[in-house]
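Here is the structure we will look at, set down as structure tokens.
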Amino acid sequence: EIILKRVKEMANDITKDYAGRRPLFIAILNGSFMFASDLFKHLNIEAELCFIKLASYKGLKSSGNVVTSIGLEDDLFGKEVIIVEDIVDTGKTLHNFLPKLLHQQPRSMRIATLLHKSAATEFPLTLDYVGFDIPNKFVVGYGLDYDGLGRNFKEIYQLV
Ligand code: IMP
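Every number in my numbering is 3 more than the matching position in the sequence shown, counting from 1.
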């Protein structure tokens, strides 16, 4: 209930901020699929959505090295882009990836993340929409996994 209430609030904020515009949401797989789904269904504006995949994380520790992105077919030139992330930890993944998107000259680019481990964030990033600031602990559920498992939990649990 708490998660969904917050996600609806975020959708309302985005609806207000993007009234009359038509943002393209780029949701980063796999972890963001539940958040993206709940966020997207509560928007009250015209919006597009696509999913992309970045490879960077194994086990409990983020390597942060974005190896590749798969699935970005849209041309971002002139678009109002909103990146949808499950969690920003060190920030390295997005910090490394954003220049690739900016290279395509979108009209604007913002980041919406459900969770932010602000105490762990080492790479400068402006996070425009943040669901919850959480302690620097590993969490699973609501799309987030530990070695592939736990994504299906409706709740979010601290693992260790
Ligand atoms: P960053 O590059 O350190 O910001 O890591 C970002 C990515 O690491 C996220 O998109 C997640 O896939 C993964 N990640 C970071 N912390 C957690 C966690 O507590 N649980 C599950 N995945 C996590």
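Beta carbons: idealized from backbone N, C-alpha and C, even for Gly.
Here the structure is a predicted model, which is why all the values come from computation and not from measurement.
In this structure, the beta-carbon distance from V87 to P26 does not fall below 8 angstroms. Between G74 and K140, the alpha-carbon positions lie close to 30 angstroms from each other.
Residue pairing by DSSP places Q161 opposite V142 in a beta bridge. For L152, the beta-bridge partners assigned by DSSP are Y149. When the five nearest sequence neighbours on each side are left out, the beta carbons in the same chain lying within less than 6 angstroms of the beta carbon of A30 are those of A39, F54 and V87, in order along the chain.
Cβ-Cβ distances below 6 angstroms link V143 to Y149, G153, Y160 and L162 in the same chain, with the five nearest sequence neighbours on each side left out; the list follows chain order. Contiguous beta strand (DSSP E) elements confined to the segment 62-123 occur at 83-91 and 111-119, taking only those with 3 or more residues. L27 has E51 and V84 as its beta-bridge partners, per DSSP. Take the alpha-carbon of L147 and the one of N33: they are about 8 angstroms apart.
Judged by the Cβ position, D148 qualifies as a neighbour of ligand 1 at the 7 angstroms threshold, a heavy atom of the ligand being closer than this. Taking 8 angstroms as the upper bound for CB-CB distance, M37 and Y145 are in contact here, some 5 angstroms apart.
Around the beta carbon of G23, fewer than 16 other beta carbons lie within 10 angstroms, which makes this residue exposed. In the three-state scheme derived from DSSP, where H, G and I count as helix and E and B as strand, F135 is classed as strand.
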